[in-house]
Structure formats: C-alpha cells, structure tokens
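>
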Amino acid sequence: MIPHDITQDEIYRPDLIAQRVWGTDELRWVITRVCGQEDESEALPVGKALFLPELAWIREQINIYSTSLPELDGTIQSN
Numbered sequence: 168m169i170p171h172d173i174t175q176d177e178i179y180r181p182d183l184i185a186q187r188v189w190g191t192d193e194l195r196w197v198i199t200r201v202c203g204q205e206d207e208s209e210a211l212p213v214g215k216a217l218f219l220p221e222l223a224w225i226r227e228q229i230n231i232y233s234t235s236l237p238e239l240d241g242t243i244q245s246n
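Position 39 (the sequence shown) corresponds to 206 in the numbering used here; numbering is contiguous.
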C-alpha cells in the first residue's frame, strides 16, 4: 500500500493525487473511490490519510475483470 495524505491543493484534484502517486492522472477515479465518493467534483477531505494500492495491483485487477467479461474482449456479439 502507498500512503498519501490529501493536501490543500488536492481538494478538488483527484487527478493531481493520481499523478503524484502513480505518474498518471488516468487513475483519478481510484482516488475518488478510495475516498468513498462517487463524483469527482466533490471536495476531498484535507488531511485524510489514504492507503492506495500499488499500480501493479490495479493493472492486475483490471486485467482480471476485463478477461472475465466476454463483452470486453473486443468482439461484437449478436443476439
């Protein structure tokens, strides 16, 4: 787990936290979910200690999820 305390400049910036922690803002949704929020426009709690998963674990979980669902394999199926 990667510890991170939310700072004042990150209140409305889950993308900034993701960039600082993992080197990409594409995972801003992970920050939002770890904070228990649904909407990225909600303020994040300043000073809250986050314990974030390693990037390799996130990739592994996405791969497991995407390979378990036939609709995500890139093929089009007709009924």
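Just so you know, even glycine gets a beta-carbon here, dropped at the ideal spot from N, CA and C.
Rounding to the nearest angstrom, what Cα-Cα distance links L217 and I178 in this structure?
Using only the alpha carbons, I get a separation of about 13 Å.
> Distance check for Q204 and L194, CA to CA, integer angstroms please.
Their Cα atoms are separated by approximately 14 Å.
> Name the DSSP beta bridge partners of D172, please?
A216, per the DSSP bridge assignment.
> Could you pull the start and end residues of the alpha helix (DSSP H) that Y232 belongs to?
That run of the alpha helix (DSSP H) goes 222–235.
> If contacts are defined as beta-carbon pairs under 8 Å, then V197 and A210 qualify, I think. What distance do you get, rounded to the angstrom?
17 Å between Cβ atoms; not a contact.
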